[in-house]
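Novice:
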Amino acid sequence: MAELILVGLAGFVAAMVDGALGMGFGPTSSTILLSTGLPPAAVSTTVNLAKVVSGLASGVSHWQFRNIDHGLVLRLAVPGALGALIGVTVLANVDAATLRPVLAVLLLLVGLRMLLRFSNPLPSRPPDADEVTADDPAGAFDFDDRGVTVAATAGGVTNGLIGAWGPVVTPFLLHRGLAPRYAIGSVNTAEVAVATVAAGSLMASVGRGGIEMGVVLAMMIGGVAAAPLAAWMIRHVPARAMGLAVAALLLVTNAREIMGWTGLGASRWVFYSLIPLLVAAAALAPRFRNVSDALGASEPSVG
Numbered sequence: 120m121a122e123l124i125l126v127g128l129a130g131f132v133a134a135m136v137d138g139a140l141g142m143g144f145g146p147t148s149s150t151i152l153l154s155t156g157l158p159p160a161a162v163s164t165t166v167n168l169a170k171v172v173s174g175l176a177s178g179v180s181h182w183q184f185r186n187i188d189h190g191l192v193l194r195l196a197v198p199g200a201l202g203a204l205i206g207v208t209v210l211a212n213v214d215a216a217t218l219r220p221v222l223a224v225l226l227l228l229v230g231l232r233m234l235l236r237f238s239n240p241l242p243s244r245p246p247d248a249d250e251v252t253a254d255d256p257a258g259a260f261d262f263d264d265r266g267v268t269v270a271a272t273a274g275g276v277t278n279g280l281i282g283a284w285g286p287v288v289t290p291f292l293l294h295r296g297l298a299p300r301y302a303i304g305s306v307n308t309a310e311v312a313v314a315t316v317a318a319g320s321l322m323a324s325v326g327r328g329g330i331e332m333g334v335v336l337a338m339m340i341g342g343v344a345a346a347p348l349a350a351w352m353i354r355h356v357p358a359r360a361m362g363l364a365v366a367a368l369l370l371v372t373n374a375r376e377i378m379g380w381t382g383l384g385a386s387r388w389v390f391y392s393l394i395p396l397l398v399a400a401a402a403l404a405p406r407f408r409n410v411s412d413a414l415g416a417s418e419p420s421v422g
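At position 174 of the sequence shown (counting the first as 1) the number is 293 in the working numbering, and the numbers step up by one without a gap.
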């Protein structure tokens with residue numbers, strides 16, 4: 120019972136992270152389940168089954184809080200589901216651990232790019248932005264939708280492999296200029312279709328061996344309980360702070376993966392200590408620019 124309570128709490132925390140940042144449920148819960156000794160295929164199946172139910176709750180909550188671009192959800196869900204089939208096929212035939220370092224490096228680079236983007240203040244939205252963006256979320260943030268299909272397919276592949284959908288798709292949408300609340304709400308809603316295809320395909324290809332329904336149910340309950348709170352948080356957390364949080368999550372998660380792969384000892388903490396410094400520098404960058412501009416304006420002109 121104590122183990123199931125711990126799993127339920129893990130599901131709650133993972134869903135909070137996923138619902139508020141558009142990523143994290145799969146990597147967080149997969150790490151916990153792998154530590155219990157479950158085989159990778161069973162872990163991926165369990166995580167995706169839990170993501171279906173928690174994703175439905177999250178999608179309903181985001182819909183109620185108007186965090187969803189319905190057209191974008193469809194554009195993400197279809198290629199994402201196809202990508203999930205590819206990922207499951209690879210997982211059933213190739214050791215997924217060989218792919219983790221490559222994915223970690225790519226996601227680390229995305230995190231650094233996000234820090235650079237959110238080191239600048241975001242454009243102000245008009246007072247009626249909620250009404251404008253209800254039908255066109257891209258309108259106030261100049262969303263460039265090129266490459267959405269490719270990003271969704273790639274996210275589906277990684278979801279089938281290691282349960283990571285959001286870390287691939289959400290940063291891409293943020294880079295393209297979509298407002299964080301719409302990026303996260305749309306990604307979480309489309310994830311339901313992707314997780315359903317991944318879980319069904321895994322159960323069909325590798326069977327139900329190692330899957331514990333008690334663990335699945337505990338994670339589902341924790342995820343469902345967290346969904347409304349996460350959807351509410353996304354409307355009240357500043358967009359720039361949300362973007363920096365997503366970048367920090369990417370850097371921390373993937374730096375840990377890369378350091379483990381390289382086999383570095385205590386020296387890895389030197390690299391870990393750079394992450395909060397980089398995030399703090401990005402967060403304070405606008406203030407530094409304002410001070411620099413003020414000092415420049417106060418200097419008397421020559422001639």
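Every residue, glycine too, gets a C-beta built ideally from N, C-alpha and C.
Can you name, in chain order, every residue of its own chain whose Cβ lies under 6 Å from the Cβ of L168, other than the five neighbours on each side?
Specialist: As a working mapping, residue 168 is identified with position 49 in the sequence shown. Hits under 6 Å: A318 and V335.
Novice: From V162 to T315, what distance separates their C-alpha atoms?
Specialist: Stepping through the sequence shown from its first residue, residue 162 is reached at position 43. Stepping through the sequence shown from its first residue, residue 315 is reached at position 196. Roughly 15 Å separates the two Cα atoms.
Novice: How far does the alpha helix (DSSP H) with G282 in it extend, from its first residue to its last?
Specialist: Within the sequence shown, numbered from 1, the residue matching residue 282 stands at position 163. Here G282 belongs to no alpha helix (DSSP H), and DSSP marks it neither H nor E.
Novice: Could you give the distance in angstroms between the alpha-carbon of W380 and the alpha-carbon of P220?
Specialist: Taking the sequence shown and counting its residues from 1, the one referred to as residue 380 is at position 261. Taking the sequence shown and counting its residues from 1, the one referred to as residue 220 is at position 101. Roughly 7 Å separates the two Cα atoms.
Novice: Does DSSP put S188 in a helix, a strand or coil?
Specialist: Numbered from 1 along the sequence shown, position 69 holds the residue referred to as residue 188. Sequence inspection shows Asp at residue 188; the Ser mentioned does not correspond to that position. Note: D188 maps to coil in three-state DSSP.
Novice: If you follow the alpha helix (DSSP H) that L297 is in, where does it begin and where does it stop?
Specialist: Here residue 297 refers to the residue found at position 178 of the sequence shown. That residue, L297, is in no alpha helix (DSSP H); it is neither H nor E in DSSP.
Novice: Quick test of your reading: M233 and P286, contact by CB under 8 Å. State the CB separation rounded to the nearest angstrom.
Specialist: Working through the sequence shown from its first residue, we reach residue 233 at position 114. Working through the sequence shown from its first residue, we reach residue 286 at position 167. Not a contact, Cβ separation roughly 11 Å.
Novice: Assign F262 to one of three DSSP states: helix, strand, or coil.
Specialist: On the sequence shown, residue 262 is found 143 positions in, with the first residue counted as 1. Coil, per DSSP.
Novice: Tell me, to the nearest whole angstrom, how far the beta carbon of A366 is from that of G230; I am working on the premise that it is less than 8 Å.
Specialist: For this step, residue 366 is matched to residue 247 along the sequence shown. For this step, residue 230 is matched to residue 111 along the sequence shown. Their Cβ separation, rounded to whole angstroms, is 5 Å, which keeps A366 and G230 in contact under 8 Å.
Novice: Excluding the five sequence neighbours on either side, which residues of its own chain have a C-beta within less than 6 Å of the C-beta of V213, listed in chain order?
Specialist: Start at 1 with the first residue of the sequence shown, and residue 213 comes out as number 94. Around V213: no qualifying Cβ.
Novice: Looking only at its own chain, which residues have a Cβ that is under 8 Å from the Cβ of V224, when we skip the five neighbours before and after it?
Specialist: Numbered from 1 along the sequence shown, position 105 holds the residue referred to as residue 224. Same-chain partners within the cutoff: N373 and I377.
Novice: My output table needs one value for E250: the three-state DSSP class, helix, strand or coil.
Specialist: Taking the sequence shown and counting its residues from 1, one reaches residue 250 at position 131. For E250, the predicted structure reports a pLDDT of 43, less than 50, and the residue's modelled location is therefore unreliable. A value from the coordinates is still provided. In this structure, E250 counts as helix in the three-state DSSP scheme.
Novice: Please state the DSSP three-state secondary structure of P198.
Specialist: What you label residue 198 is simply residue 79 of the sequence shown in a count that begins at 1. Three-state DSSP puts P198 in a helix.
Novice: Would you report the Cα separation of A259 and W351, rounded to the nearest angstrom?
Specialist: Translated into positions along the sequence shown, residue 259 becomes position 140. Translated into positions along the sequence shown, residue 351 becomes position 232. For A259, the pLDDT reaches just 42, beneath the cut-off of 50, and the residue's location in the model is therefore unreliable, although a value from the coordinates is still provided. The alpha-carbon atoms of A259 and W351 are separated by roughly 21 Å.
Novice: Measuring CA to CA, which of F144, W182, H189 and A344 is closest to K170?
Specialist: The count along the sequence shown starts at 1 and reaches residue 170 at position 51. Of the listed residues, the one whose Cα sits closest to K170 is F144.
Novice: Have a look at M142 and L235 and give me their C-alpha separation to the nearest angstrom.
Specialist: Within the sequence shown, residue 142 is the residue found at index 23, counting from 1. Within the sequence shown, residue 235 is the residue found at index 116, counting from 1. Their Cα atoms are separated by approximately 20 Å.
Novice: Can you name the start and end residues of the alpha helix (DSSP H) that P426 belongs to?
Specialist: Only positions 120 to 422 of the chain appear in this structure, which leaves residue 426 out of reach.
Novice: Between T165, G174 and A385, which lies nearest to A312 when the distance is taken from Cα to Cα?
Specialist: Position 193 of the sequence shown, counted from the first residue, corresponds to residue 312. Ranking the options by Cα distance to A312, first place goes to G174.
Novice: Indicate whether G342 and A211 have their beta-carbon atoms separated by less than 9 Å.
Specialist: Counting from 1 along the sequence shown, the entry for residue 342 is found at position 223. Counting from 1 along the sequence shown, the entry for residue 211 is found at position 92. Not closer than 9 Å, so no.
Novice: Mind checking S411: buried by the 16 CB within 10 Å criterion, or exposed?
Specialist: Counting from 1 along the sequence shown, the entry for residue 411 is found at position 292. Exposed, by the Cβ-count rule.
Novice: Below 9 Å between beta carbons: does that hold for P146 and I281?
Specialist: Locating residue 146 in the sequence shown gives position 27, where the first residue counts as 1. Locating residue 281 in the sequence shown gives position 162, where the first residue counts as 1. For P146 and I281, yes; Cβs fall inside 9 Å.
Novice: Going straight from the alpha carbon of P395 to that of A401, what length do you get?
Specialist: Within the sequence shown, the letter at position 276 stands for residue 395. Within the sequence shown, the letter at position 282 stands for residue 401. In a straight line, the C-alpha of P395 is about 10 Å away from that of A401.
Novice: So, helix, strand or coil for P146, using DSSP?
Specialist: Taking the sequence shown and counting its residues from 1, one reaches residue 146 at position 27. Residue state, collapsed to three classes: helix.
Novice: Report all residues from its chain with a CB closer than 6 Å to the CB of V276; omit the five preceding and five following residues, and keep chain order.
Specialist: Against the sequence shown, residue 276 aligns to sequence position 157. Hits under 6 Å: G202, I205 and G206.
Novice: When the Cα of A152 is compared with those of L369, Y391, M332 and G266, which residue comes out closest?
Specialist: In the sequence shown, counting from the first residue as 1, residue 152 sits at position 33. According to the sequence as given, residue 152 is Leu; it is not Ala. The residue with the shortest Cα to Cα distance from L152 is M332.
Novice: Grouping DSSP H, G and I as helix and E and B as strand, with all else coil, what is N373?
Specialist: In the sequence shown, counting from the first residue as 1, residue 373 sits at position 254. DSSP places N373 in helix when its eight states are reduced to three.
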